[in-house]
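Only one structure is covered here, and it is reproduced in the block below.
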RNA sequence: GCGAAAGUGGCGGAAUUGGUAGACGCACUGGAUUUAGGUUCCAGCGCCUUGCGGCGUGCGAGUUCGAGUCUCGCCUUUCGCACCA
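Residue numbers (the numbering used here): 247 to 1112.
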């Protein structure tokens, strides 16, 4: 055996073996449990970054671990190939986006291959290829026919100098990134997907995803934002029309002192006619971009419309204001304002001198009054409590807390006085319903998904505009609508608009003159269904075929936490769309893993959810900041692989932090990983130098060898759990390192010792192989010539090796560690207590004081309380 | 502004169900090997203290025989906010 670890050589040999034996080709095998392991596909930006290396290593570790456990594993790879950066690069380098993208894909594919990933490359796909996006267009036309796609206007960022629509990312401090011009909101017609129709299912099904992180499910729940409230109609003074608002706090209705509408609200626009100051203000509100984070943090501005509505209960006149903090896209674009109990309304009312009327008081006050009535509380105490609470009023969080938590009671609210939240809500909703001025309503924060993009490098929206027939979907036989690839990008809008030879066409319905839609789809659309297409990657007759029913759902999905909401919600939505279009046929035909087999799994039946288990990976940082070109703190994976090999890169990434946490880059840590692999290689080489030997199969062992076998089989158990259930690869590696350290201390050349050493080394190589597959492939071949590691299977712990006669217990006195004792493994509480009390160290610390209590935690510790 | 997380030695992290805080690795220090550097190997390594011992998981309270872990309140950092992907 070669005495030195030569990564370049052994990694090339290992990859050659895997390729030639077609080791990772995934074949549908009914009856065999399948494991579909998917990492989020990369955007082909040019070259891999460390985040990719981390993501794909995590996926590969899980794929290889499950393969060794006997699963039929599918791990595919592809390219999220449409997107804005290609257009920017095209302008910079004067190369068409398509050419730039394909070039990047070729380079990055080579990089991925050098990582030694267990991928079935036959299933590779790129979303910019017509045979992929054809089916996206097909689904779009089906959804258009079902009414799940519709058209409406919506605001976008408009750069008035470049005369172009800007992405939020291209708006810096309210200005266009290239022109520097102040950005404006502009309404344009767009196609929308009716994701709100699935809001309730998307919310409910989260409960059937035990394999998803709670954090992600919570974020999605909040994003969907189901709230039960009341729609309230404020009649216009002297008109039959009403102004609709939605509120989750109908109990505060009697505290309303004004109503605020968005600048784009019809009432605002109406009022602006003949009111130049208001018109100017509305114009002012159009300035700036559409990003919500900016809208929510901007200074609160407003202006009275001069119009009034009537309070639906009291009939009192309530002024209507235009406010920039009210968003047209939410609910009705109008809110009832209760300055006494809402921080934003309060701030606004103070700024513009609007009245503040209390309608709720703290639950504590009601309790105090009840206590006075029953003689348990003094009038003086109440007065003090009132003063304390009034001091908090409007100045501290105290006031907001009991508003926010809905635990106050109504005051100054006429007939509703004394009612709590639920009582007031029900009473007010009932009264409004009687008057025909409102009712209870369920409202979602989630908005429909605008998918039109005024860009070139994307999937063409398959719609033909005909003067007589309107918007006509492209018929199936005419799909795909192919995006021309040889174009020039000049930054003045989509080149498609300048290609009459492309957009001029005939109407599929009437045959008359018509034009193609030149907008393309949001790239989130492509990434919402690629996971399903991998199963049917080469199907030319349909979007999906029977194979999708074998592989889906994805058993393990891995990707960055930044996708927790948008991508993952859109993909869940698309899964349900595909299901409802009938693409999955009936029930699953694949033998879905049992819960025990999988650890965590989806309890949802059939094809309701795309991803049974989700692992959200943390970021790769250097010097405490995200690695990025702009910060200039990137480390090139290529250089790392060339210097140390892929195994060192993989080992460092898996060892430095658990996958869900952020990972701090460390050059010294990489050295450490490399050193460990050298030690591992040397350990096997030194062992084999003394001659080949079979692994221990039973027989008498010294205490030292027994202890080593105990540690070995404990390590097998721990590592199996760390990979399969906990996904903490860092602790799995640490456990194998400890095992190797223990083996290194063994100074015994007896045949029994050599057998145990062989057993330890074989197991260590198998346990590490999902993380460092190349070196383990080579070492296994040395330990067991003529066999392949991939055929060896996952090691199993030997129960006989795990039997122990004595166990160690820690003894505390008053919670402080004072010593340790050894007790027979089946000793009872009383026996353990006796051993602990007889311990010299313990006696010293008790020092004659009375023992009040002894707590015995079996297998762990004894705590003596004095 | 809203939503979600995170905070433990000089550093990355471990402590899985409330039960020995600091596993494993890095850095550092001392020693061995080496012409030297590097490599490799051995030992030490939270802070304070001569010692006994005390203190210690962002800060402040609380629950408990026992809190890094649970509760409440703060501080700081990170992610997302619908046209970056």
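All C-beta atoms in this analysis are idealised placements derived from N, C-alpha and C, irrespective of residue type, glycine included.
Reduced DSSP secondary structure (H/G/I, E/B, other) of residue i
i	result
residue 944	coil
residue 567	strand
residue 857	strand
residue 318	strand
residue 554	strand
residue 1101	strand
residue 782	helix
residue 907	coil
residue 368	helix
residue 1095	coil
residue 492	strand
residue 1040	coil
residue 962	helix
residue 939	coil
residue 325	strand
residue 1106	coil
residue 977	helix
residue 275	coil
residue 803	strand
residue 983	helix
residue 851	Bear in mind that a pLDDT of 49 at residue 851, under 50, signals an unreliable position, so the number given afterwards is only what the model happens to contain. Three-state DSSP puts residue 851 in coil, outside helix and strand.
Identity of the residue in the options nearest residue i by Cα
i	options	result
residue 1063	958, 1072, 1085	1085
residue 1004	380, 941, 454	941
residue 509	463, 453, 567	567
residue 776	576, 371, 357, 565	371
residue 355	1032, 938, 884, 476	884
residue 446	481, 410, 273, 469	469
residue 517	554, 539, 540	554
residue 1074	1067, 1098, 1104	1104
residue 462	959, 828, 806	806
residue 898	912, 888, 907, 683	912
residue 826	452, 1031, 443	443
residue 536	432, 383, 965	432
residue 882	298, 540, 662, 256	298
residue 422	546, 737, 488	737
residue 393	321, 481, 823	823
Own chain, CB closer than 6 Å to residue i, minus 5 neighbours either side, in chain order
i	result
residue 782	790, 791, 793, 794
residue 691	471
residue 1023	260, 1035
Beta-carbon contacts of residue i that lie in its chain and below 7 Å, excluding the five residues immediately before and after
i	result
residue 742	702, 748, 749, 764
residue 1114	Any property of residue 1114 remains undetermined from this structure, which presents the chain solely from 247 to 1112.
residue 254	891
residue 1118	Because residue 1118 is not part of the residues shown, which for the chain are 247 to 1112, the question remains open.
residue 563	483, 554, 556
residue 755	712, 715, 718
residue 1059	1088, 1091, 1092, 1110, 1112
Continuous alpha helix (DSSP H) stretch holding residue i: start and end
i	result
residue 531	522-531
residue 540	538-543
residue 512	512-518
residue 824	812-826
residue 378	376-392
residue 360	343-360
residue 681	667-681
residue 750	Not the alpha helix (DSSP H): residue 750 falls in the beta strand (DSSP E), residues 750-752.
residue 1022	1019-1029
residue 894	892-902
residue 337	330-339
Residue i, enclosing beta strand (DSSP E) - first and last residue
i	result
residue 930	No beta strand (DSSP E) contains residue 930, which is instead part of the alpha helix (DSSP H) from 913-935.
residue 1062	1062-1070
Cβ-heavy atom distance, residue i to the ligand COA, below 6 Å
i	result
residue 813	With respect to the ligand COA, the structure offers nothing, as it holds no ligand at all.
Other residues of its chain near residue i: CB distance less than 8 Å, five sequence neighbours each side excluded
i	result
residue 956	1047, 1048, 1050
residue 1108	1055, 1056, 1057, 1058, 1067, 1078, 1079, 1082, 1100, 1101, 1102
* Output the residue ranges of the beta strand (DSSP E) runs that lie fully inside the stretch 397-479 and measure 3 residues or longer, sorted by chain position. => DSSP runs (the beta strand (DSSP E)) wholly in the stretch 397-479: 410-412, 430-439.
Subject >> Whole runs of the beta strand (DSSP E) within the stretch 699-744, excluding any shorter than 3 residues >> reply: 709-712, 716-719
Which complete alpha helix (DSSP H) runs does the stretch 285-315 hold, if anything under 4 residues is left out? 296-314
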